[in-house]
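Step one of this worksheet: look at the structure below.
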């Protein structure tokens with residue numbers, strides 16, 4: 106997690122997300138469309154779609170937009186046919202980066218991603234070149250001050266794999282990505298609302314960046330995240346302010 110304080114940085118990230126709401130909505134519409142196409146339009150039986158719809162609600166996306174995206178994905182409405190594609194590469198000092206995209210034109214997308222890497226001091230890798238350094242996992246972050254014993258009991262009863270306390274007193278709950286929705290529901294039923302709740306690619310180890318290298322690495326990550334076809338960027342880099 107970038108920044109000197111994880112929790113100050115989360116608030117900063119949320120403010121930045123709000124400022125880019127239009128782009129966030131576009132990405133969520135793509136995710137909803139693809140989730141509905143792959144798993145059907147029934148939220149109850151499609152965990153990926155349920156998570157995407159919940160994120161849309163958190164982002165204050167109008168329900169009509171959500172409904173149309175589901176209908177396009179399920180074939181009830183015509184729309185663009187997006188496909189998922191993942192690119193891997195290296196940043197400053199060889200830091201690992203995964204770039205998840207949704208696109209209707211692979212040629213355009215790979216050219217844009219490669220350009221963002223090369224222009225900002227990184228380089229594209231081959232498929233599988235860095236993915237082995239990450240684990241697909243569900244992650245919940247709770248700010249300092251929660252009841253440790255109750256959170257741990259609730260999380261483990263809900264099927265979480267691990268509960269970890271950080272140096273600032275916050276907690277990270279990790280779970281199997283396929284159990285994410287059920288763990289989220291159980292935690293919220295127990296009164297625990299996470300600051301961040303996502304299915305991510307979590308790095309096994311992290312590399313801390315400071316000074317000029319931190320600025321260069323952040324510039325590369327920003328360039329990738331700002332591409333229209335990019336949905337998520339994961340890295341083992343930690344940017345210290």
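In our numbering, the protein residues as written are 106 to 346. Just so it is clear, CB atoms sit at the ideal spot from N, CA and C, and this is done for glycine as well.
Count the other CB atoms within 10 Å of the CB of residue 156; is the residue buried (16 or more) or exposed (fewer)?
Here residue 156 is taken as the residue at index 51 of the chain shown, counted from 1. So residue 156 counts as buried.
Note down the Cα distance separating residue 209 from residue 136, rounded to an integer number of angstroms.
Sequence index remark: in the chain shown, residue 209 carries index 104 (1-based). Sequence index remark: in the chain shown, residue 136 carries index 31 (1-based). The alpha-carbon atoms of residue 209 and residue 136 are separated by roughly 13 Å.
Straight-line CA distance for residue 128 to residue 340?
Position 23 of the chain shown, counting from 1, holds the residue named residue 128. Position 235 of the chain shown, counting from 1, holds the residue named residue 340. Residue 128 and residue 340: Cα-Cα distance of roughly 21 Å.
Which runs of the alpha helix (DSSP H), 4 residues or longer, sit entirely within the stretch 166 to 194?
Counting only runs of 4 or more, we get 168 to 179.
Is the beta carbon of residue 277 sitting closer than 8 Å to the one on residue 288?
Along the chain shown, one-based indexing puts residue 277 at 172. Along the chain shown, one-based indexing puts residue 288 at 183. Their beta carbons are not under 8 Å apart, which means residue 277 does not touch residue 288 by this criterion.
Buried or exposed for residue 107, going by 16 or more other Cβ atoms inside 10 Å?
Taking the chain shown and counting its residues from 1, the one referred to as residue 107 is at position 2. With a pLDDT of only 36 at residue 107, under the threshold of 50, the placement of this residue in the model should not be trusted; the figure read from the coordinates follows. Buried, because 16 or more other Cβ atoms sit within 10 Å of the Cβ of residue 107.
What's the call for residue 154, buried or exposed, on a 16-neighbour Cβ count within 10 Å?
Taking the chain shown and counting its residues from 1, one reaches residue 154 at position 49. Counting Cβ neighbours within 10 Å, residue 154 comes out buried, since at least 16 surround it.
Return helix, strand or coil for residue 251, following the three-state DSSP convention.
As a working mapping, residue 251 is identified with position 146 in the chain shown. Residue 251 falls in the coil class under three-state DSSP.
Spell out the partners DSSP gives residue 203 in its beta bridges.
On the chain shown, position 98 is the one that residue 203 refers to. Answer is 193, 339.
Using three-state DSSP, classify residue 260 as helix, strand or coil.
Translated into the one-based positions of the chain shown, residue 260 becomes position 155. Correct three-state label for residue 260: helix.
Are the Cβ atoms of residue 197 and residue 314 separated by less than 8 Å?
Within the chain shown, the letter at position 92 stands for residue 197. Within the chain shown, the letter at position 209 stands for residue 314. Yes; because the gap between Cβ atoms is below 8 Å, this pair is in contact.
Flag this pair as touching only if the stretch 253 to 266 and the stretch 220 to 234 have three or more C-beta atom pairs under 8 Å; answer yes or no.
With a cut-off of 8 Å, the stretch 220 to 234 and the stretch 253 to 266 do not count as touching, because too few Cβ pairs lie within range.
Output the boundary residues of the alpha helix (DSSP H) element that contains residue 324.
Taking the chain shown and counting its residues from 1, one reaches residue 324 at position 219. 316 to 330 is the extent of the alpha helix (DSSP H) around residue 324.
In terms of residue numbering, what span does the alpha helix (DSSP H) encompassing residue 308 cover?
The residue labelled residue 308 in the question sits at position 203 within the chain shown. That residue, residue 308, is in no alpha helix (DSSP H); its beta strand (DSSP E) goes 301 to 308.
Just list the alpha helix (DSSP H) runs in the stretch 137 to 167, keeping only unbroken ones of 4 residues or longer that don't cross its boundaries, in chain order.
For the stretch 137 to 167, whole alpha helix (DSSP H) runs of length 4 or above, ordered along the chain, are 152 to 163.
Which word fits residue 240, buried or exposed, when buried means at least 16 other C-beta atoms lie within 10 angstroms of its C-beta?
Stepping through the chain shown from its first residue, residue 240 is reached at position 135. Per the 10 Å Cβ criterion, exposed.
Can you round the beta-carbon distance between residue 312 and residue 343 to whole angstroms, since I take them to be within the 8 Å contact cut?
Stepping through the chain shown from its first residue, residue 312 is reached at position 207. Stepping through the chain shown from its first residue, residue 343 is reached at position 238. Right, the Cβ-Cβ distance comes to about 7 Å (below 8 Å), so this counts as a contact.
My output table needs one value for residue 245: the three-state DSSP class, helix, strand or coil.
For the purposes of this step, residue 245 is taken as residue 140 along the chain shown, with counting starting at 1. Note: residue 245 maps to strand in three-state DSSP.
Going by DSSP, name the residue or residues bridged to residue 279.
In the chain shown, the residue the question calls residue 279 occupies position 174. According to DSSP, residue 279 bridges with 244, 267.
Give the straight-line distance between the Cα atoms of residue 166 and residue 305, rounded to the nearest whole angstrom.
To locate residue 166, count along the chain shown from 1; it is residue 61. To locate residue 305, count along the chain shown from 1; it is residue 200. When rounded, the distance between both Cα atoms is 22 Å.
Give me the DSSP bridge partner(s) of residue 313.
Locating residue 313 in the chain shown gives position 208, counting from the first residue. According to DSSP, which records beta bridges pairwise, residue 313 is partnered with 343.
Does the distance from the C-beta atom of residue 207 to that of residue 139 stay below 8 Å?
Stepping through the chain shown from its first residue, residue 207 is reached at position 102. Stepping through the chain shown from its first residue, residue 139 is reached at position 34. In this structure, residue 139 lies closer than 8 Å to residue 207 by Cβ.
From the DSSP secondary-structure annotation, give me the bridge partner or partners of residue 229.
Translated into positions along the chain shown, residue 229 becomes position 124. Answer is 194.
To the nearest angstrom, how far is the alpha carbon of residue 333 from that of residue 254?
Residue numbering aside, residue 333 sits at position 228 when the chain shown is read from its first letter. Residue numbering aside, residue 254 sits at position 149 when the chain shown is read from its first letter. Each residue's Cα considered, the two are about 43 Å apart.
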